[in-house]
Amino acid sequence: FQYLQQNAAEPISKFLDYITYGYMIDNVILLITGTLHERDTHDLLEKCHPLGFFDSMPALCVATTVQDLYNTVMIDSPLAAYFRECLSAEDLNELNIEIIRNTLYKAYLEDFYLYCQGLGEPTAAIMADILNFEADRRTVNITINSFGTELSKDDRSKLYPRLGNMYPEAQTRFARVDDMDQVKAILEQYGEYRSLLVGVNLNASTGGAGGNELSLEDRFFSKEVQLNKDAFEQQFHYGVFFSWLRLKEQEIRNVVWIAECISQQQKDKINNYTAIY
Amino acid sequence: MDLHKSTNQKIDDGLLELLDEFSEYQRIRESSNALLRQAFFDLSVARRSAGYQWISADMYSGRAQAITTVDVDPVADNISIVRKHRQEQCADEAQQEGSSEGLRRRRQASGATASADSSDGEKDEHNSSDMDEQTATEKRNSAPSRVRSDDPLLWFGMLVPPALKKAQGGFVNALDQIVQLAQLKRQLEAKQKALQLMLDQTHSTSDTD
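Residue numbers (full-length UniProt numbering), protein chains in the order written: chain A, 1 to 277; chain B, 1 to 209.
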């Protein structure tokens, strides 16, 4: 990837940079969280995603407040622009770190979407489908994961990306729901997601009992794989780089899933991975 | 003869009780095995959903203390679960930090002395990097936003997947059952000893007869 990046010219070089920003956000949050939990800096740096490395990353471990983080580290990093929306948070605690993480990713997703629209067809159309789906998935996952937590409904709605098929109407409704049945009722109103809900047990975790029940998470993985496979049906666009990476990550998830099923003697659930081809 | 009969009856009754308790032990053991198995599976599901780096050992402190412990009362022969409240845990952690801050102050003093005495440029650099590290450590520990919560789920963030919450519930229920198993096992061993004693007495009585 680094070889491709260094030998690429505009606009593909910028596109590849955008791909790395998502991993940079993950690395920043990993370092902050690990430091708060008193993990060793060297251990944390080894665990960071290699695609998300930037020069001032090791200095993250010194910051104690968001202002510190921005002024000493992030201001020189590619994520500086995304960080401006997080500056209202002061202390670095679990709630604020989660808000920072989701706010950064929201800003990144919106920025990436705008950039792809500027690249013209067919990249714009292909990446629009993929990024809109990603935004919708994040909206649903943030909603479901926030049930029973301290995150207020107002804060929850601020974390939703401002793109996707669910923006803005469904997001307004998602911001007010309290349980899975209400989530399902909203999803059923969208044709592309109604088909995902068929045969899904919303209360089951992935790979439910006996391996026959599917969860919403499984369906989202399948849909993501389908969209990324479709990117290879067209030629002369940049979406293939993004899709190839995402499909590789899905392969890794599948292999790890199979390994964990074997180690836990859950062989009846081995086939609950998302097949790519 | 009657005495012999009643002793045999007692042994029979004791054996039946032992077998009933053993069945109960087996039942609880199977239930706790199933709970643990499902909880570990839910943990794998949560890791797949949230990402393997987000639910891992890197997300919690190596100095984390258990909030649930087991108390063994030898007098009453009772094993019970003790769940610490948040204030108690914070007090314990503050005590630990107090003692470790003392150590840091002594290191800082020795570092400062070394920097005052040193005239070598390399030694100065080494000491200043030590000072930076200590300053960073003190800054980190004096920050008001240290993690202070009695729910281990929060180590992995606020928005954890439902599978992780389910896994936590499974582990908590399994712990209750494991403590029951330990209690039952003690009772079984005590009953077994008592029965063995009665049997030995019966055999020695019949030998003398």
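Backbone N, C-alpha and C define an ideal beta-carbon position, used for all residues, glycine too.
Ends of the alpha helix (DSSP H) at residue i?
i, result
"ASN71(A)", "ASN71(A) -> no alpha helix (DSSP H), and no H or E assigned at all."
"THR33(A)", "12-36"
"VAL240(A)", "239-263"
"GLN183(A)", "The question names Gln, but residue 183(A) is Val in the sequence shown. It spans 180-187 - the alpha helix (DSSP H) in which VAL183(A) sits, taken as one unbroken run."
"ASN145(A)", "123-145"
"HIS42(A)", "41-47"
"PHE83(A)", "80-83"
"SER157(A)", "153-158"
"ARG173(A)", "169-174"
"ASN7(A)", "2-7"
"ASN165(A)", "Careful: ASN165(A) lies outside any alpha helix (DSSP H) and carries neither H nor E."
"VAL225(A)", "216-230"
"ARG194(A)", "191-197"
Output needed for residue i: all residues of its chain with C-beta closer than 8 Å, excluding positions within five of it in sequence on either side, in chain order.
i, result
"LEU153(B)", "VAL160, LEU164, LYS165, GLN168"
"VAL177(A)", "THR143, VAL183, ILE186"
"TYR115(A)", "LYS14, PHE15, TYR18"
"SER204(B)", "none"
"ILE262(A)", "ILE270"
"LEU60(A)", "VAL28, LEU31, ILE32, THR35, LEU69, VAL73"
"ILE12(A)", "TYR238, PHE241"
"ILE81(B)", "THR68, THR69, VAL70, ASP71, LEU175, ASP176, VAL179"
"ARG183(B)", "The question names Arg, but residue 183(B) in the sequence shown is Gln. Excluding residues within five positions, the ones whose Cβ falls inside 8 Å are ASN78, ILE79."
Of all the CB atoms in chain B, is at least one closer than 7 Å to the CB of residue i?
i, result
"GLU217(A)", "yes"
"residue 296(A)", "Any question about residue 296(A) goes unanswered here, given that chain A covers just 1 to 277."
"ILE253(A)", "A small correction: the amino acid at residue 253(A) is Arg; Ile does not occupy that position in the sequence shown. Yes, ARG253(A) counts as interfacial toward chain B."
"ARG39(A)", "yes"
"LEU151(A)", "yes"
"GLY34(A)", "yes"
"TRP244(A)", "no"
"ASN27(A)", "no"
"SER146(A)", "yes"
"LYS158(A)", "no"
"GLU134(A)", "no"
"GLU260(A)", "yes"
"LEU69(A)", "no"
"LEU247(A)", "no"
Looking at chain A, is there any beta carbon in it that lies within less than 7 Å of the beta carbon of residue i?
i, result
"ARG29(B)", "no"
"SER115(B)", "For SER115(B), the pLDDT reaches just 38, beneath the cut-off of 50, and the residue's location in the model is therefore unreliable, although a value from the coordinates is still provided. Cβ-Cβ to chain A under 7 Å: no for SER115(B)."
"SER61(B)", "yes"
"ASP151(B)", "no"
"GLY157(B)", "yes"
"ASP12(B)", "no"
"SER23(B)", "no"
"PHE171(B)", "no"
"SER32(B)", "no"
"SER49(B)", "yes"
"SER80(B)", "no"
"ASP71(B)", "no"
"SER44(B)", "yes"
"ASP200(B)", "no"
"ASP207(B)", "no"
"ASP58(B)", "yes"
Taking C-beta to C-beta, are residue i and residue j nearer than 7 Å?
i, j, result
"TYR160(A)", "THR139(A)", "yes"
"GLY52(A)", "MET24(A)", "yes"
"ASN141(A)", "GLY164(A)", "no"
"VAL179(B)", "ILE79(B)", "yes"
"ARG162(A)", "GLU110(A)", "yes"
"TYR105(A)", "TYR21(A)", "no"
"ALA175(A)", "ARG156(A)", "yes"
"THR274(A)", "SER222(A)", "yes"
"LEU151(A)", "MET158(B)", "yes"
"LEU18(B)", "ALA174(B)", "no"
"GLN266(A)", "PHE41(B)", "yes"
"GLN250(A)", "VAL225(A)", "yes"
"LEU247(A)", "ILE276(A)", "yes"
Skipping 5 residues on each side, what residues in its chain have a beta carbon closer than 6 Å to that of residue i?
i, result
"THR206(A)", "In this predicted model, THR206(A) has a pLDDT of only 45, less than 50, meaning its place in the structure is not dependable; the value taken from the coordinates is given anyway. SER215, GLU217, ASP218."
"LYS10(B)", "none"
"GLY239(A)", "THR123, ILE126, MET127, ALA231"
"ASP76(A)", "SER56"
"ASP129(A)", "LEU227"
"SER100(B)", "Residue confidence for SER100(B) is low, a pLDDT of 42 falling below 50, so the modelled location carries little weight and cannot support an answer."
Could you give the first and the last residue of the continuous beta strand (DSSP E) run that contains residue i?
i, result
"ASP73(B)", "68-73"
"ARG83(B)", "78-83"
Under 7 Å Cβ to Cβ from residue i, same chain only, skipping five residues before and after it: list those, please.
i, result
"VAL45(B)", "ALA163"
"LYS47(A)", "LEU30"
"HIS49(A)", "TYR23, ASP26, ASN27"
"GLN234(A)", "PRO122, ILE126"
3 or more residues per run - each beta strand (DSSP E) lying fully within the region 4-54 of chain B: None, since the region 4-54 of chain B contains no complete beta strand (DSSP E) of that length.
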